[in-house]
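Going line by line, the protein sequences match chains S and X. Using the numbering used here, the letters of the first sequence correspond one by one to residues 1 to 113. Using the numbering used here, the letters of the second sequence correspond one by one to residues 1 to 111. Beta carbons: idealized from backbone N, C-alpha and C, even for Gly.
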Amino acid sequence: DVKVTQSSRYLVKRTGEKVFLECVQDMDHENMFWYRQDPGLGLRLIYFSYDVKMKEKGDIPEGYSVSREKKERFSLILESASTNQTSMYLCASSSLSAGDAQHFGDGTRLSIL
Amino acid sequence: GIQVEQSPPDLILQEGANSTLRCNFSDSVNNLQWFHQNPWGQLINLFYIPSGTKQNGRLSATTVATERYSLLYISSSQTTDSGVYFCAVTRITGGGNKLTFGTGTQLKVEL
Numbered sequence: 001d002v003k004v005t006q007s008s009r010y011l012v013k014r015t016g017e018k019v020f021l022e023c024v025q026d027m028d029h030e031n032m033f034w035y036r037q038d039p040g041l042g043l044r045l046i047y048f049s050y051d052v053k054m055k056e057k058g059d060i061p062e063g064y065s066v067s068r069e070k071k072e073r074f075s076l077i078l079e080s081a082s083t084n085q086t087s088m089y090l091c092a093s094s095s096l097s098a099g100d101a102q103h104f105g106d107g108t109r110l111s112i113l
Numbered sequence: 001g002i003q004v005e006q007s008p009p010d011l012i013l014q015e016g017a018n019s020t021l022r023c024n025f026s027d028s029v030n031n032l033q034w035f036h037q038n039p040w041g042q043l044i045n046l047f048y049i050p051s052g053t054k055q056n057g058r059l060s061a062t063t064v065a066t067e068r069y070s071l072l073y074i075s076s077s078q079t080t081d082s083g084v085y086f087c088a089v090t091r092i093t094g095g096g097n098k099l100t101f102g103t104g105t106q107l108k109v110e111l
């Protein structure tokens, strides 16, 4: 089975802090994704990566950056956390084949105080 | 971009009842997935079903790609089926592998 592991289930940070959310997958998948989920807005794509050191903006990239130095690891970075980034963050991975299923981690509930 | 609509938005069932959830999408797709998000926020893969019919225990799904809809059937519902059910798709052209999610169906199964 595919395993996508997010480093924290719950995280509390302060406004202005630099925040790192880590995601690791064990299936040698080329594609990795970061989503956020908010009530009434559903899941929205922040960034995705289709190869090491490659990244593309999703629908809501503002205030975020990403890093993919190794194939198995995809990090989401909040450069200067703000209260409107309080949300549930979900990481996913899939193979490069067009339309392949995406597999999700358990999510990180991030609160910015 | 592609539009994904799910119905009904909310559903309350008595334990043991059957239900059908629907997902309509506005463009041709090469991936359609059904997910269950449990009360702890975990998003569980139910089906990868860009076309055809699949069954897994009490759950089954059918996608009619030519008519741009998919159905998720839940039979003999249990309280553990409660949560939000999402349909998500990727487009055949211009979408890469990006999933677009519907807004979900909130299901509550009562004793």
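Beta-carbon proximity check, residue i vs residue j, cutoff 8 Å
i	j	result
V4(S)	A92(S)	yes
F104(S)	L90(S)	yes
F35(X)	I2(X)	no
L111(X)	D81(X)	no
F33(S)	F48(S)	yes
K18(S)	E56(S)	no
G57(X)	F86(X)	no
K53(S)	R73(S)	no
G107(S)	K98(X)	no
S97(S)	V12(S)	no
S65(S)	E22(S)	no
Chain-ordered chain S contacts of residue i [CB-CB under 9 Å]
i	result
T103(X)	G40, L41 and G42
N45(X)	V2, A101, Q102, H103 and F104
Listed by chain order, chain X residues near residue i by CB distance under 9 Å
i	result
M88(S)	G41
Proximal residues of chain S, C-beta to C-beta of residue i below 7 Å
i	result
S56(X)	A quick correction: the sequence has Asn, not Ser, at residue 56(X). Those do not exist, as N56(X) stays about 14 Å from chain S at its closest Cβ, beyond 7 Å.
Y48(X)	A101
Cα-Cα separation, residue i to residue j
i	j	result
P39(S)	E67(X)	30 Å
V2(S)	T90(X)	20 Å
C30(X)	Q37(S)	The question names Cys, but residue 30(X) in the sequence shown is Asn. Distance between the alpha carbons of N30(X) and Q37(S): 24 Å.
R44(S)	Q14(X)	32 Å
Q37(X)	G16(S)	31 Å
R109(S)	T53(X)	34 Å
R14(S)	P61(S)	20 Å
Neighbouring residues, chain S, relative to residue i (Cβ below 8 Å)
i	result
K98(X)	F33, L45, F48 and G58
Beta-bridge pairing of residue i - partner residues as DSSP gives them
i	result
H103(S)	S93(S)
Amino acids of chain X, ordered along the chain, whose beta-carbon sits closer than 7 Å to that of residue i
i	result
S94(S)	N97
Fill in: Cβ contact (3+ pairs, closer than 8 Å) linking the stretch 41 to 51 of chain X and the stretch 4 to 19 of chain X
no
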